[in-house]
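Heads up: the sequence shown is residues 0 to 231, going by numbering that gives the first Met the number 0.
Note that beta-carbon positions come from the ideal geometry of N, C-alpha and C, so glycine has one too.
Step one of this worksheet: look at the structure below.
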Amino acid sequence: MTTNLHNPIGTYSDAIYQRAFTYKPATTPLNYIYVDADIIIVDKPSGLLSVPGKQEPDCLEKRVQSNFSDSLTIHRLDMATSGVMVFARNKNAQRQIGLQFEKRHIEKYYVACVSGHVTDDTGMIDLPLICDWPNRPRQKVCFKNGKPASTAWKVVMREASKTRVMLMPKTGRSHQLRVHMLALGHPILGDRIYANDLDFKRAERLLLHSETIKLRHPSGGHWLEFTAPCPF
């Protein structure tokens, strides 16, 4: 099933995008999943920036560097998203893995809990995305100027008033999974930016987690798979 829906942004009151927020990430020790001479795999906690913000220096990048001074950032997760992130320990590894992301060779699997019952069992969402510049960091669907964005999904479990889904992004646009699930009519629970008031308050955090990533090791090229168990 291929989903091509119209731009959903704007269906909710703009007041929801002004929700109060205080940056207070957890200070518990990081969970390192795997470390070798080339790469570092870490389970990013929800609520922690991947890289420094304009006014917030505390971030995963800085915390990893405090343990591994040679670590180099390759990719990012949204602040509210938890799960597997990959760091390099040298320029060659950073370049090799960066190319895997760029060429879409890396496989990524996310778990999300969304509002309501998703009708079909599987599907593909193809909706181009662009920054909603006056309301950044919001993203929006734009068929004229948006960059291509594709997300495969499948239902894992339907519960009373929500659905647990596996999301497999084929591209890596900012907020892609959050906007695509909103476009499907099922916003991710706890989403401060895109969910309506009811769905925002149904969870203490964004219920989106980067559970598994598959990539080729930068030295040797053999496939590796890393998983961080979903915390919700």
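Taking 6 Å as the limit between beta carbons, can you name the residues of its chain near residue i, skipping five residues before and five after?
i: Asp-198; result: Ser-114, Pro-186, Leu-188
i: Ala-25; result: Pro-44
i: Leu-47; result: Pro-24, Leu-59
When burial is assigned at 16 or more other CB atoms within 10 Å of the CB, is residue i buried or exposed?
i: Met-78; result: buried
i: Thr-162; result: buried
i: Val-85; result: buried
i: Phe-20; result: exposed
Give me whichever residues DSSP pairs with residue i in a beta bridge.
i: Ser-209; result: Gly-82, Tyr-109
i: Tyr-31; result: Val-41
i: Gly-171; result: DSSP lists no partner for Gly-171.
i: Lys-146; result: Leu-128
i: Ser-114; result: Lys-161
Please classify residue i: does DSSP put it in a helix, a strand, or coil?
i: Ser-160; result: coil
i: Val-155; result: strand
i: Arg-137; result: coil
i: Asp-125; result: strand
i: Ala-202; result: coil
i: Leu-48; result: coil
i: Ala-182; result: helix
i: Glu-273; result: Residue coverage of the chain in this structure runs from 0 to 231, which leaves residue 273 outside it and unanswerable.
i: Ile-73; result: coil
i: Asn-187; result: Sequence check: residue 187 is Ile here, not Asn. Ile-187: strand per DSSP, three-state reduction.
Go through its chain and collect everything with a Cβ distance to residue i's Cβ below 7 Å, but skip five positions before and after it.
i: Val-50; result: Cys-58, Glu-60, Thr-72, Arg-75
i: Asp-131; result: Ile-8, Arg-137, Gln-138, Lys-139
Original post:
For the 8 Å Cβ check, are there 3 or more pairs between the region 136 to 144 and the region 171 to 182?
Top reply: yes
Original post:
Is the region 151 to 170 in contact with the region 102 to 113, if contact means three or more CB pairs nearer than 8 Å?
Top reply: yes
**OP:** Indicate whether the contact test is met: 3 or more Cβ pairs, each with one atom in the region 207 to 219 and one in the region 148 to 160, closer than 8 Å.
**Re:** no
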